[in-house]
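Visitor:
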Amino acid sequence: MQIDTEIIKKPLLSDKTLRLINNNQYSFLVTKKSNKIEIKAAIEKLFNVKIKKVNTITRPIKQRRIGRFIGTKPLFKKAIITLEPNQKIQLFQEE
1 MQIDTEIIKK PLLSDKTLRL INNNQYSFLV TKKSNKIEIK AAIEKLFNVK IKKVNTITRP
61 IKQRRIGRFI GTKPLFKKAI ITLEPNQKIQ LFQEE
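Numbered per this note's numbering, the sequence shown finishes at 95, counting up by one with no gaps.
1) Would you kindly work out how many angstroms separate the C-alpha atoms of Glu84 and Asn23, rounded to a whole number?
2) Suppose the cutoff is 8 Å on Cβ atoms and the five residues either side in sequence are ignored; what does the same chain contact list for Leu46 look like?
3) Using C-beta distances below 6 Å, list every residue in its chain close to Thr82, excluding the 5 sequence neighbours before and after it, in chain order.
4) Got a sec, what are the start and stop residues for the alpha helix (DSSP H) Arg68 sits in?
5) Nearest-angstrom Cα distance between Thr56 and Leu20?
6) Using only the alpha-carbon positions, how far apart do Gln87 and Glu44 sit?
7) Would you call Phe28 buried or exposed, if buried means 16 or more other Cβ atoms sit within 10 Å of its Cβ?
8) If we call anything under 8 Å between Cβ atoms a contact, is Ile61 one with Leu75?
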């Protein structure tokens with residue numbers, strides 16, 4: 001099993017993820033090989049919160065053309081965490 005800080009790479013902040021915060025859902029970029037059980041344990045330990053549900057999305061590699069060269073956009077895995085009703089993650093709080 002990996003260390004918690006290796007599983008969670010960074011939080012994702014976009015317009016969609018900011019709307020999800022109102023539903024008590026938070027998004028994180030995670031390692032490709034991590035599973036839902038490891039992600040849940042890592043978030044609960046790092047932020048001291050109770051998690052209700054973990055959804056994961058793996059975006060596939062896509063080809064990208066830059067001029068005459070063909071490259072690829074990298075594969076990444078995203079986790080959307082749903083917390084219990086009275087839980088909050090202080091990292092995302094607006095002041």
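All C-beta atoms in this analysis are idealised placements derived from N, C-alpha and C, irrespective of residue type, glycine included. Note that the structure is a prediction, hence the values are computed from the model and not measured.
Guide: Working from what's here:
1) Distance between the alpha carbons of Glu84 and Asn23: 10 Å.
2) For Leu46, where only same-chain residues beyond five positions count, the Cβ hits under 8 Å are Asp4, Thr5, Ile8.
3) A distance below 6 Å between beta-carbons, with the five flanking residues on each side excluded, links Thr82 to the following residues of its chain, in chain order: Gln25, Lys52, Lys53.
4) Where Arg68 is concerned, there is no enclosing alpha helix (DSSP H), given that its DSSP letter is neither H nor E.
5) CA-CA distance, Thr56 to Leu20, rounds to 15 Å.
6) Whole-angstrom Cα-Cα distance: 11 Å.
7) By the beta-carbon neighbour count (other beta carbons within 10 angstroms, threshold 16), Phe28 is buried.
8) Yes, they are a contact pair.
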